[in-house]
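Structure first, then comments.
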Amino acid sequence: MHEEFTIPSKDFSVAGEASSKIKRILKQLNVPPQRIKQIIVAVFEAEVNVIAHSYGGKVLCDIEQERVLIDVIDTGPGIEDLDLAMTEGWSTATSEVREMGYGAGMGLPNIKKSCDELKIYTKKGDHTHISMRFTL
Amino acid sequence: MKLKEILECVDGKLVWGESHLEDEVIRGFASDLMSDVLTILEDDILLITGLSNNQSIRTAEMSDITNILLVRNKRPSQNMIDMAKELNISLSYTPYSLFKTSGLLYAKGLKPVY
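Residue numbers (my numbering), protein chains in the order written: chain A, 1 to 136; chain B, 137 to 250.
Here you go:
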């Protein structure tokens, strides 16, 4: 099953809509609730990152018999220092993002903890592509 | 603790979710930072927060949290109430601060997450 969601830049009123839809699909497929929570936390963090930090992007979701593949691809501007971004508590979020309750510097660390396999392509001035694999 | 006992303890008012008043709540988690909330994998949690916007409801949805208590007399907007109804999440508020609310509930036996 393949689903695609367009994620806008800076519009927090729709933050979580893609994650919410993916959650509903996983529920319908009878994935255990604890596993759904782990998957959805990672997808939601990545979705919020696209809204908070990028020029907009897409969430691609592929659900197979034994695994879930989620690709989150934005259109830039890329992460300057990925090692720092992976550090708990490190954040470049604006005050506007913090007022929304985000920007605690836990996004990428939370994602890393939740998925079985994580690949990140990013480069300053280019886009960011987060590829997550979850075993069911 | 049942949600109705929690509300009595902190002079809280239920805005929406009467069917949740008998919910057995085991733990409380107090934060305005939604990424912190997303680290919780336990069930039967009360989210105590000063963040009165849609993001607290969305985050609760992702973390399977079904009861939210807003502090410092923050009243949820109609938009928040509509979203809470749709997702079946109870919404309440208390006049007390995050610190006082947490302290009172901890003293009454609500467990911490960490």
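Virtual Cβ for every residue (Gly too), placed ideally from N, Cα, C.
What do you get for residue i, buried or exposed, if any count of 16 or more other CB atoms within 10 angstroms of its CB means buried?
| i | result |
| --- | --- |
| B:Ser171 | buried |
| B:Ala243 | exposed |
| B:Asn190 | buried |
| A:Gly103 | buried |
| A:Ile23 | The amino acid occupying residue 23 of chain A in the given sequence is Lys; Ile does not appear at that position. It is buried - the Cβ of A:Lys23 has at least 16 other Cβ atoms within 10 Å. |
| B:Pro212 | buried |
| A:Thr87 | exposed |
| A:Ser95 | exposed |
| B:Leu223 | exposed |
| B:Glu197 | buried |
| A:Lys37 | buried |
Going by alpha carbons, who is nearest to residue i out of the options?
| i | options | result |
| --- | --- | --- |
| A:Val59 | A:Asp126, A:Glu80, A:His2, A:Leu136 | A:His2 |
| A:Asp116 | A:Asp126, A:Glu17, A:Arg35 | A:Arg35 |
| A:Lys123 | A:Val50, A:Gly78, A:Pro33, A:Asp11 | A:Gly78 |
| B:Val151 | B:Ile181, B:Met216, B:Lys236 | B:Met216 |
| A:Tyr55 | A:Ser95, A:Pro109, A:Gly76, A:Ser131 | A:Gly76 |
| A:Asp81 | A:Asp126, A:Leu136, A:Glu4, A:Val31 | A:Asp126 |
| B:Glu158 | B:Leu223, B:Asp168, B:Thr230, B:Asp180 | B:Asp180 |
| A:Pro8 | A:Pro109, A:Ile25, A:Gly57 | A:Gly57 |
| B:Asp168 | A:Glu99, A:Ile25, A:Asn110 | A:Glu99 |
Would the beta-carbon of residue i fall within 7 Å of that of residue j?
| i | j | result |
| --- | --- | --- |
| A:Val14 | A:Ala52 | no |
| B:Glu160 | B:Val249 | no |
| A:Ser19 | A:Val50 | no |
| B:Arg208 | B:Ser233 | yes |
| B:Ile164 | B:Ser228 | The sequence given here has Gly at residue 164 of chain B, not Ile. No, they are not a contact pair. |
| A:Gly107 | A:Glu17 | no |
| B:Leu182 | B:Leu205 | yes |
| B:Gly153 | B:Ser199 | no |
| A:Arg67 | A:Leu118 | no |
| A:Val48 | A:Ser114 | no |
| A:Leu69 | A:Arg133 | yes |
In angstroms with no decimal places, state the Cα-to-Cα distance between residue i and residue j.
| i | j | result |
| --- | --- | --- |
| A:Asp71 | A:His129 | 7 Å |
| A:Lys21 | B:Leu174 | 18 Å |
| B:Met137 | B:Ile162 | 6 Å |
| B:Asn203 | B:Leu246 | 14 Å |
| A:Thr6 | B:Leu143 | 40 Å |
| B:Ala166 | B:Lys236 | 11 Å |
| B:Leu187 | A:Gly101 | 7 Å |
| A:Ile120 | A:Leu84 | 14 Å |
| B:Lys140 | A:Gln65 | 42 Å |
| A:Pro33 | B:Lys221 | 21 Å |
| B:Met102 | A:Trp90 | Not covered by the structure: residue 102 of chain B. The range shown for chain B is 137 to 250. |
| B:Thr185 | A:Lys10 | 23 Å |
| B:Ser155 | B:Val146 | 19 Å |
| A:Ile73 | A:Cys61 | 11 Å |
| A:Lys112 | A:Gly105 | 13 Å |
| request: Could you name the residues of the stretch 159-184 of chain B whose beta carbon sits closer than 7 Å to any beta carbon of chain A, in the order they occur along the chain? | output: Asp168, Leu169, Met170, Ser171, Asp172, Leu174, Thr175, Leu177
| request: Mind checking the stretch 82-114 of chain A against chain B and listing, in chain order, the residues whose C-beta falls within less than 7 Å of any C-beta there? | output: Met100, Gly101, Tyr102, Ala104, Met106, Gly107, Asn110
| Interfacial residues, the stretch 10-36 of chain A to chain B, with Cβ spacing under 9 Å | Phe12, Ser13, Ala15, Gly16, Glu17, Ser19, Ser20, Lys23, Pro33, Gln34, Ile36
| Just by C-beta distance, which residues in the stretch 192-215 of chain B are closer than 8 Å to chain A? | Ser192, Arg194, Thr195, Glu197, Met198, Ser199, Asp200
| Which residues, in order along the stretch 39-56 of chain A, keep a beta-carbon less than 7 Å from a beta-carbon of chain B? | Ile40, Val41, Phe44, Glu45
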